[in-house]
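A.B. asks: Numbering (our numbering), first residue to last: 484 to 1019. Built from N, CA and C at the ideal position, the CB exists for glycine as well.
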C-alpha cells in the first residue's frame, strides 16, 4: 500500500480532501457519494452513529435539534455546539466527525491509509481557533502535520510558489460561511503574509438567505399568502435558493418553483435582481479588501495579482466588482478545491522536510530510524527541491490592561502586539515598561486581551480577556516604580507573558491561551469516545 499525505480544507459549509499522486499532481478525492466536496453538516442519528454530508444537510431544517451546521464559526469561541442524548458536544468533537468522514471515504476511494494531514484555516484565525482545528484532527485520529492558512494553500496550488519573480498577491476568499482577504509577497525564497482581514460570519450562506427571502416574498405576493412557511417548505426553499444562486452564475435568468401551504408559484429569478438584493453583502467584502490594501500600501506593497478562492467567487458579481475597482482581472481556478490541493502539496513538503536525515540500511532492521517514504519526487514540489519559507504575520492583537489616567483610574487596554505585525522568524517579542500606580503597592495584576483592534489603546471588554497573572512586589515601592512587560508570540499563536519588577528583578512567567482551548486530557478522552461512533 502506497504512503501518501493529505491536505484537508475544513470548510464552514463544504469540506474537501486531496493528495499528491506519484506524478506530482494534486488530486481531490471523491467521497462515497461521488462528489468532490462534502457538506460540513453533522446529524446525530443515534447514540452510536452520526451522518455527515448531503443527507445531514437535507435534514438540517427538518431535524434541527440533532443537526449542526456552520460549526467552524464556533471553533475556539465556544465549548458548546449541540446537546444530544443528554450530552453537550463541543465544536472540536463535531468537526472531528467531518474530518473522519473525509478520511474514511478517501481511504476507501484510493485504497490507502489516511493518517498524516495538513488542515487549513482562515488567515484571521487566532490562537484559540487554530488550536481547536488541530484538536479536531487529533480527536479524529489523524496526525496533524501543520495548520496552514487557506490563502497560503491557495497560492501554493495556483502555482505562485513555482515562480521566481517577486510579486504581491491578494487572495480574495469567499466561502460558504466566512470571508477572508489576505495579501502576501512571494519570491523565490519565501511566502510572506503582509496582512489579512475578514468577516467570520459573512459567506455564501448570506447570499442564499437573501435569495430565500426574495423568493418567499415573491411567493407571498403572487399567492396573497400571509402565513409562515413550515419547516419542510423552509428546507425546500433553502435548497432551491442555493441552486438558483449557482444557476445564476452561468445564466442571466432561472425559473424557481416555490411550493408551500398547498400552493405552487413559478418565480423568474434574474441575475440582475440577485445582484441587487445582495449588493450590500458584496460591498462588505470590498470594504474589508480596501482595508487590507491600505495596510499593504502603507508598508510599500502594491497588489500585482488577485486570486479567487471559495465556491462563492463563482458569482459573476465578484469578478466584475474586483476588476472594475482595482483594474486587475482576477484569476479563478477550481475555487472549491484549490485550498485542499495546495494543502496537499504543502503536506508533502512538510512530511519530507520533517523526516530524520538518516538513510536506513534495508539489511539492518532499525524501526527507530526507518522512514516511510512517499512515492513522489521532492523536486516536483518546490523550486530546485528547496522548501520555501512561509513567513506569517500576527492574526490578532494582544493587549495589557493599564491605568492611563491616575485621577480617574479608568482602565484601558494597551496593545503590545498589533494585528498584521510581521513575524520574520515565525515569532515576535515586544517589551514595554509601565509604572506602578500606588506607593507601597504590593502586587501587579497582568490581564491580557486578544482582539482585532489595531489602535494603541481601546476600551476594556472582558469578552476579549484570555488570562491573568499576578506579580508580587517588594515592600515600600514608590509609585511609578518600573514594571517591564514582555509578550512573546510564536507561530502556533501561543503567547508567553513575562512581568518583571525592575527594582528587585523579580519575574513572573505565564502562558496565555483562550478559555475555550481544550486541554490535552479532554482531547484524548474525546478521541477514544469518537472511535465508538460510526460515521456515515
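Among 957, 904, 575 and 946, whose alpha-carbon lies nearest the alpha-carbon of residue 937?
C.D. replies: Sequence index remark: in the chain shown, residue 937 carries index 454 (1-based). When only C-alpha atoms are compared, the closest one is 904.
A.B. asks: Please check the pair residue 537 and residue 522, which I expect to be a contact at CB under 8 angstroms, by giving their CB distance rounded to whole angstroms.
C.D. replies: As a first step, residue 537 is located in the chain shown; it is residue number 54 there, counting from the start. As a first step, residue 522 is located in the chain shown; it is residue number 39 there, counting from the start. Right, the Cβ-Cβ distance comes to about 6 angstroms (below 8 angstroms), so this counts as a contact.
A.B. asks: Quick check: the Cα distance between residue 770 and residue 639, rounded to an integer number of angstroms?
C.D. replies: Taking the first residue of the chain shown as 1, we reach residue 770 at position 287. Taking the first residue of the chain shown as 1, we reach residue 639 at position 156. In a straight line, the C-alpha of residue 770 is about 26 angstroms away from that of residue 639.
A.B. asks: Go ahead and pull the three-state DSSP assignment for residue 738.
C.D. replies: In the chain shown, the residue the question calls residue 738 occupies position 255. It is a strand residue.
A.B. asks: Consult DSSP for residue 618 and reduce its assignment to one of helix, strand or coil.
C.D. replies: Translated into the one-based positions of the chain shown, residue 618 becomes position 135. Three-state result, residue 618: helix.
A.B. asks: Going by beta carbon distance, what residues of the same chain come within less than 7 angstroms of residue 947, once the five residues before and after it are set aside?
C.D. replies: Translated into positions along the chain shown, residue 947 becomes position 464. So the list reads 932, 933 and 934, once near-sequence residues are dropped.
A.B. asks: Could you round the C-beta distance between residue 689 and residue 834 to whole angstroms and report it? I think they count as a contact, below 8 angstroms.
C.D. replies: Position 206 of the chain shown, counting from 1, holds the residue named residue 689. Position 351 of the chain shown, counting from 1, holds the residue named residue 834. Actually they do not touch by this definition, with Cβ atoms about 37 angstroms apart.
A.B. asks: Would the beta-carbon of residue 584 fall within 7 angstroms of that of residue 535?
C.D. replies: As a working mapping, residue 584 is identified with position 101 in the chain shown. As a working mapping, residue 535 is identified with position 52 in the chain shown. It is a contact, given that the beta carbons lie within the stated cut-off.
A.B. asks: If you drop the 5 nearest sequence neighbours on each side, which residues of the same chain put their C-beta closer than 7 angstroms to that of residue 1020?
C.D. replies: Nothing about residue 1020 can be reported from this structure: the residues present for the chain run from 484 to 1019 only.
A.B. asks: With DSSP as the reference, identify every bridge partner of residue 751, one or two as the case may be.
C.D. replies: Reading the chain shown from its first residue, position 268 is the one you call residue 751. Answer is 738.
A.B. asks: Measuring CA to CA, which of 912, 1018, 990 and 500 is closest to residue 592?
C.D. replies: Here residue 592 refers to the residue found at position 109 when the chain shown is read from its first residue. Residue 500 is the option with its Cα nearest to residue 592.
A.B. asks: Are the CB atoms of residue 601 and residue 490 nearer to each other than 7 angstroms?
C.D. replies: One-based indexing of the chain shown puts residue 601 at position 118. One-based indexing of the chain shown puts residue 490 at position 7. Going by C-beta atoms, residue 601 is nearer than 7 angstroms to residue 490.
A.B. asks: Of all the alpha helix (DSSP H) runs that stay within the bounds of the region 555 to 643, which reach a length of 4 or more residues?
C.D. replies: Qualifying alpha helix (DSSP H) stretches, in chain order: 574 to 593, 610 to 622 and 633 to 641.
A.B. asks: Note down, one range per segment and in chain order, each beta strand (DSSP E) of at least 3 residues found wholly within the region 668 to 702.
C.D. replies: Those beta strand (DSSP E) runs which fall completely within the region 668 to 702 and span 3+ residues are 673 to 682.
A.B. asks: Which residues does DSSP list as the beta-bridge partners of residue 995?
C.D. replies: By 1-based counting over the chain shown, the position of residue 995 is 512. Its beta-bridge partners are 978.
A.B. asks: Taking Cβ to Cβ, would you say residue 669 is nearer than 7 angstroms to residue 643?
C.D. replies: Within the chain shown, the letter at position 186 stands for residue 669. Within the chain shown, the letter at position 160 stands for residue 643. Yes, these two residues count as a Cβ contact at 7 angstroms.
A.B. asks: Just to confirm the assignment, what range does the alpha helix (DSSP H) spanning residue 532 have?
C.D. replies: Taking the chain shown and counting its residues from 1, one reaches residue 532 at position 49. From DSSP, residue 532 is part of no alpha helix (DSSP H) but of the beta strand (DSSP E) over 532 to 535.
A.B. asks: What is the residue span of the alpha helix (DSSP H) that residue 744 lies within?
C.D. replies: By 1-based counting over the chain shown, the position of residue 744 is 261. Element bounds for residue 744: n/a, residue is neither H nor E.
A.B. asks: Taking the C-alpha atoms as reference points, what is the distance between residue 797 and residue 655?
C.D. replies: Translated into positions along the chain shown, residue 797 becomes position 314. Translated into positions along the chain shown, residue 655 becomes position 172. For residue 797 and residue 655, the distance between alpha carbons rounds to 12 angstroms.
A.B. asks: Does DSSP classify residue 813 as helix, strand or coil?
C.D. replies: The residue you call residue 813 lines up with position 330 of the chain shown. Coil, per DSSP.
A.B. asks: Less than 6 angstroms between the CB of residue 713 and some heavy atom of the ligand GDP, yes or no?
C.D. replies: Ligands displayed in this structure: none; no statement on the ligand GDP is therefore possible.
A.B. asks: By how many angstroms is the C-alpha of residue 695 removed from the C-alpha of residue 1018?
C.D. replies: Walking along the chain shown from the start, residue 1018 turns up at place 535. Walking along the chain shown from the start, residue 695 turns up at place 212. In a straight line, the C-alpha of residue 1018 is about 31 angstroms away from that of residue 695.
A.B. asks: Comparing C-alpha positions only, which one of 896, 857 and 550 sits nearest to residue 917?
C.D. replies: Here residue 917 refers to the residue found at position 434 when the chain shown is read from its first residue. When only C-alpha atoms are compared, the closest one is 896.
A.B. asks: Please classify residue 718 as buried or exposed, where buried requires at least 16 neighbouring CB atoms within 10 angstroms.
C.D. replies: Taking the first residue of the chain shown as 1, we reach residue 718 at position 235. Per the 10 Å Cβ criterion, buried.
A.B. asks: Going by DSSP in three states, residue 940 sits in which element: helix, strand or coil?
C.D. replies: Counted from its first residue, the chain shown places residue 940 at position 457. Residue state, collapsed to three classes: strand.
A.B. asks: Just reading off the alpha helix (DSSP H) that residue 719 is part of, what are its end residues?
C.D. replies: One-based indexing of the chain shown puts residue 719 at position 236. Looking at the DSSP string, the run of the alpha helix (DSSP H) that includes residue 719 is 714 to 730.
A.B. asks: Classify residue 786: buried if its beta carbon has 16 or more other beta carbons within 10 angstroms, exposed otherwise.
C.D. replies: The count along the chain shown starts at 1 and reaches residue 786 at position 303. When all chains shown are included, residue 786 counts as buried.
A.B. asks: Compare the C-alpha of residue 880 against each of 970, 828, 693 and 810 and name the closest.
C.D. replies: The sequence position of residue 880 within the chain shown is 397, counting from 1. It is 970 whose Cα lies nearest to the Cα of residue 880.
A.B. asks: Where does residue 547 fall in DSSP's three states?
C.D. replies: Counting from 1 along the chain shown, the entry for residue 547 is found at position 64. In this structure, residue 547 counts as helix in the three-state DSSP scheme.
A.B. asks: For residue 609 and residue 679, I'd like the C-alpha separation in whole angstroms.
C.D. replies: As a first step, residue 609 is located in the chain shown; it is residue number 126 there, counting from the start. As a first step, residue 679 is located in the chain shown; it is residue number 196 there, counting from the start. The straight-line gap from Cα to Cα measures roughly 12 angstroms.
A.B. asks: I need the DSSP call for residue 1003, collapsed to helix, strand or coil.
C.D. replies: In the chain shown, residue 1003 corresponds to position 520, counting from 1. The answer is helix: DSSP assigns residue 1003 an H, G or I state.
A.B. asks: DSSP has residue 989 in a bridge; who is on the other side?
C.D. replies: Position 506 of the chain shown, counted from the start, is the residue given in the question as residue 989. DSSP lists 984 as partners of residue 989.
A.B. asks: Could you give the distance in angstroms between the alpha-carbon of residue 829 and the alpha-carbon of residue 487?
C.D. replies: Along the chain shown, one-based indexing puts residue 829 at 346. Along the chain shown, one-based indexing puts residue 487 at 4. Taking the straight line joining both Cα atoms gives about 12 angstroms.
A.B. asks: Given residue 967, which residues of its chain have a CB within under 7 angstroms of its CB, disregarding the five upstream and five downstream residues?
C.D. replies: Looking up residue 967 in the chain shown gives position 484. Answer for residue 967: 914, 916, 983 and 985, listed in chain order.
A.B. asks: Let's test the definition: count the other Cβ atoms within 10 Å of the Cβ of residue 496 and tell me whether it reaches 16, buried, or not, exposed.
C.D. replies: Against the chain shown, residue 496 aligns to sequence position 13. The residue in question, residue 496, is buried, as its Cβ has 16 or more Cβ neighbours within 10 Å.
A.B. asks: I'd like the span of the alpha helix (DSSP H) that includes residue 780, first residue to last.
C.D. replies: Within the chain shown, numbered from 1, the residue matching residue 780 stands at position 297. 762 to 781 is the span of the alpha helix (DSSP H), which, as asked, contains residue 780.
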